[in-house]
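Beneath this line is the structure, given in structure tokens, with notes to follow.
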Amino acid sequence: MAYRAPALVTLVLAAALAAGCAEQPSNGQPVVHRPLFESTYSHDLVSPREPPPFVIETVQERRGYVWAHSYSRWDGHDYVAVPGQWIPAKPDYRYVDATWERHRDGWHFKPGYWLPL
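Laid out in structure tokens, this is it:
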């Protein structure tokens with residue numbers, strides 16, 4: 028009888044752990060990752076692998092907007108493509124796209140930011 032309590036506790040903990048590994052159900056909508064800006068980015072992201080080649084999209088100019096180019100986001104296991112998008116322009120600023128920079132300890136992500144002119 029004494030061995031049943033630890034076995035029950037172990038079973039409950041295993042079930043709780045397994046429940047945390049379950050994938051969230053999809054509602055059919057694709058996940059969209061917005062451009063990361065330095066003002067909203069709070070930690071240094073380092074990838075052990077080189078990012079995929081940068082893709083240059085050809086877009087036509089759009090008055091009042093700036094094109095934020097696509098980039099690859101590191102999710103901890105692999106790179107995930109983040110599509111480019113139009114963002115509202117800021118007067119007297121130039122937008123600098125997100126990039127990856129190579130350092131000794133891996134590839135560091137540098138989010139997009141606004142540079143004063």
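In terms of our numbering, the sequence shown opens at residue 28 and continues consecutively.
For every residue, glycine included, the Cβ atom is placed at its ideal position computed from N, Cα and C.
The model shown is predicted, which means the values in this text are computed figures rather than measured ones.
Return the CA-CA distance between V93 and P143, expressed in angstroms with no decimal places.
15 Å
Thinking just about the alpha-carbon of each residue, which of W101, L72, V73 and H96 is nearest to the one in Q87? H96
W134, buried or exposed, once every other Cβ within 10 Å from all chains shown has been counted against 16:
buried
Q: Could you please give the first and the last residue of the uninterrupted beta strand (DSSP E) stretch that includes L142?
A: Y140 to P143
- Rank E84, D132 and W141 by C-alpha distance to the C-alpha of R76 and give the top, closest one. D132
For V86, the first and last residue of its enclosing beta strand (DSSP E): Run containing V86: none; DSSP gives neither H nor E here.
**Cut-off 6 Å between Cβ atoms - residues of its own chain near S74, not counting five sequence neighbours on either side** = W101, G133 and W134
Legend entry - Element boundaries [beta strand (DSSP E), containing E128]: T126 to H130
Query - Under the three-state DSSP convention, the category P118 falls into - result: coil
* From P115 to G91, what distance separates their C-alpha atoms? -> 6 Å
Requested in this report: Just tell me which of P138, G139, P78 and T85 has its CA closest to the CA of H104.
Outcome: P78
**Nonlocal neighbours in the same chain, by C-beta distance under 6 Å from V107, ignoring five residues either side** = R100
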